[in-house]
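As structure tokens, then:
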């Protein structure tokens, strides 16, 4: 994220975020929380897809792992919820590294294919091992929280993870990531150990998705169910990254807002009706945006800046 | 004789890069004309401008008909066959299929074309079912020429035919081209790095430099002038 | 990184170099066919499972072939291919509801599918074809979601009943009951695949399409209208998808919007197994996956039908790691 907002902007945003819960209804607070949750997941996926160029349509699976970690730890050990989020981060980081290893051997569409198949297959696993993982009935955490808690947790985590991402990306690791994206061959030639960085990117993005998954489960009354983590979730994450575009923090915010809010708004579309309006409007919107602004929100911002300068 | 092909102030570019800065030349029907010059002078681009493979402006007329913004398919249908640099052979398809594709724009039976091609390249007839990619470099170049001939073109655009070929094969190739020119009245515009070779087969030549025509004349004139030969043609 | 780690990773990479030459693949296939034949003769259960597997495999082959067609022509993986197939199946359902007989509706649906595929390529894919990979992926993903929504909206998510054109009877072959349904599925898919193959092999249009797919620049020079060929390719792929959907429906008893979602995964696995650019590979891959799943579920108690999808995923992963170009593929997946 080269265009880092200045300190003033950051403080202003923080101020707005702190004030929002007092201004909005409970329902809207839950929506704002959802935006925060997707912000975290898309931030992580952006590191993978935007920075090292690996396309994953399977990060919903990592959200599932994170979510189930929270639910199971809470159910069986009554663990502090924030601690479960940390656990989710750690576990998903490791799983991400493991998945990242075979991913090294694939590129482009092949990786997209494999991760897509992963996203469709993972929800089947709780159905198979239902004694531990609750089957289709799901796992219920021992403690539930209200929307305000989730809002605060989501945006605090967003802030922390954003700073973390910023630190990672501006340092040596970030330069290596950008080198990988721009030209793998050139990166290798200049001494970048590809396997390390590509796998690392997988781990980091998975960890972020895990935290998002924890919050996601907590937002649905602490209930982790296979049907929540279907393939559409993974699709939405990738769509969020594409809408965000590359190189802009505001883009990620736009992507998160698009993915979190548009389905909710489109449930009240006339004629089409609640459930289906969502998919029809969302799908059509995605296609339109990609046709008109293929470089995402970040690309749009760049174009506007260029026009403003001219 | 009227010029079959006329270029007037033709400019062409690849994105932001201008390759031709106003090329004007004419090719008379029934002649073989060579386009010469150093690397990067715009020789290949000139051929591409004619066949419509590159964005161009200026006036290009074929048999009196302006080509305007016609694309490669339309230009092919007018009777212009382009054998690109690197031959453009369909390596994954068979010899027969390559030939069949040459006549893609023709309707009806292609038997007569096939027969005439086989008189020029008798060995192709036995290799019909062979995958084109398994042919040798020289054979592929011959196949490319045969494929172009399947179109029954009035004008043949030939780009660097001698590239990567042994001298014996190159001589054979030019012999066939000359035969096509004499027997079938085929007009040829050939781009060649090997200026000496090209001028021996051609009737006239244009020397390009930095996207413009630097020199023009009959092949005798160009070959005879020592200073021209040394500075422009490299021999 | 320690030297053990670096050498492990280097070894990991080295193993990726394509091992099996064409001969080994042929041996593998012949061996597999012999195994199946012997098994069928030995046990009626085996025979029944094999036939079921072949029939479902035929459906996977059809959809895999659609994927391969699109990929060969435009280098795009159409993630919405399955949903498109599902949509056309619903169209057939609607035509039957309006009173058309099954087979009239069948052919009408194929025609509609062709037009739909063509229009989609022109309207949605052509504009983003030269942009990044991710843009085309997202467009097909958006299409996936859109079609799912549209079908749910127009027809609803409840299960619909479509009459099976093959009835409920069965042939008796040496003591084994083989449902007319399975034979029918195999026959219809085979006929379709053969027709498409013949189109590509023997017609001028097919030659033009093949030329446009492998060498678009050279094809343009000989007068092939590459854009149109790509659109026709998408149309044909949609037809193959429609066949897959129509043949998948009877075996699932009811029609629902989730009809093709898992079949898409099997089709991906089949296409990758056969080689993403190989039509023959798609057919062989589909049949292999169909039979393998059927036999594995039948004989291995630990793997129940719930693990079908992860199984297919595992196949996909193994193929991509061991021989990414698939059984019949030529080129290798780009790696560093």
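Chains as they are written, first to last, in our numbering: chain A, 159 to 468; chain B, 1005 to 1239; chain C, 14 to 349. Even glycine gets a Cβ: it sits at the ideal position worked out from N, Cα and C.
Determine which residues share a DSSP beta bridge with residue 1018 (chain B) and list them. B:1021
Contact with chain C by residue 1220 (chain B), beta-carbon distance below 8 Å: no
By the 7 Å beta-carbon criterion, what residues does the region 109–130 of chain C contribute toward chain A? none
Contact set for residue 190 (chain C): own chain, Cβ-Cβ below 6 Å, skip 5 residues either direction: 183
Count the other C-beta atoms from every protein chain shown that fall within 10 angstroms of the C-beta of residue 217 (chain A), then say buried if there are 16 or more, exposed otherwise. buried
Can you find a CB in chain A that lies within less than 8 Å of the CB of residue 56 (chain C)? no
Quick one: give me the first and last residue of the beta strand (DSSP E) that residue 1061 (chain B) is part of. 1060–1066
Own chain partners of residue 252 (chain C) with C-beta closer than 6 Å, once the 5 adjacent residues on each side are dropped: 123, 126 and 127
Does residue 7 (chain C) come within less than 8 Å of chain B when only Cβ atoms are used? Outside the shown range of chain C, which is 14 to 349, sits residue 7 (chain C), and nothing can be said about it.
Answer yes or no: do residue 445 (chain A) and residue 368 (chain A) have a C-beta to C-beta separation smaller than 8 Å? no
Run through DSSP, which three-state label would residue 1098 (chain B) get? strand
Could you work out which residue in A:400, A:318, A:351 and A:274 is closest to residue 334 (chain A) when comparing CA atoms only? A:351
Three-state secondary structure (DSSP) of residue 380 (chain A): coil
Taking C-beta pairs closer than 7 Å, name the residues in chain C that residue 1096 (chain B) reaches, listed in chain order. 227
How would you call residue 41 (chain C), buried or exposed, if buried means at least 16 neighbouring beta carbons within 10 angstroms? exposed
Are three or more beta carbon pairs between the region 1042–1058 of chain B and the region 1073–1085 of chain B nearer than 8 Å? yes
Does the Cβ of residue 318 (chain C) have 16 or more other Cβ atoms within 10 Å, making it buried, or fewer, making it exposed? exposed
Should residue 68 (chain C) and residue 198 (chain C) be called a contact, given that it needs their Cβ atoms to be closer than 8 Å? yes
Would you check if there are 3 or more beta carbon pairs closer than 8 Å linking the region 389–397 of chain A to the region 197–204 of chain A? yes
Closer than 7 Å at the beta carbon, the chain A residues around residue 185 (chain C): Going along chain A, no residue has its Cβ under 7 Å from residue 185 (chain C), so there is no contact; the nearest lies around 36 Å.
Cα-Cα separation between residue 170 (chain C) and residue 268 (chain C), rounded to whole angstroms: 9 Å
How about residue 448 (chain A): is its C-beta nearer than 8 Å to some C-beta of chain C? yes
State the start and end residues of the unbroken beta strand (DSSP E) segment that holds residue 1191 (chain B). 1191–1195
Chain-ordered chain D contacts of residue 445 (chain A) [CB-CB under 7 Å]: No chain D is present in this structure, whose protein chains are A, B and C.
Within 10 Å of its beta-carbon, does residue 247 (chain C) have 16 or more other beta-carbons around it, so buried, or fewer, so exposed? buried
Ignore the nearest five residues each way along the sequence and tell me which others in residue 335 (chain C)'s own chain have a CB closer than 6 Å to its CB. none
Report back the beta-carbon spacing between residue 1029 (chain B) and residue 1210 (chain B) to the nearest angstrom; my notes put them in contact at under 8 Å. 5 Å
Return the CA-CA distance between residue 304 (chain C) and residue 62 (chain C), expressed in angstroms with no decimal places. 8 Å
For residue 1125 (chain B), collect the residues of the same chain with a Cβ closer than 7 Å to its Cβ; drop the 5 residues on either side in sequence, then sort them by chain order. 1146 and 1150
For residue 1221 (chain B), which residues does DSSP report across the bridge? B:1209
Check the DSSP bridge columns for residue 1161 (chain B) and list the partner residues they point to. B:1086 and B:1193
Residues from the region 286–303 of chain A in contact with chain C, defined by Cβ distance under 8 Å: 286
Say whether chain C places a C-beta atom closer than 8 Å to the C-beta of residue 1080 (chain B). yes
Restricting to Cα atoms, I'd like to know which of A:263, A:272 and A:224 is closest to residue 253 (chain A). A:224
Chain-order list of residues whose beta-carbon lies under 6 Å from that of residue 1177 (chain B) (same chain, five-residue window excluded): 1165
Can you tell me which residues form a DSSP beta bridge with residue 196 (chain A)? Beta-bridge pairing links residue 196 (chain A) to no other residue.
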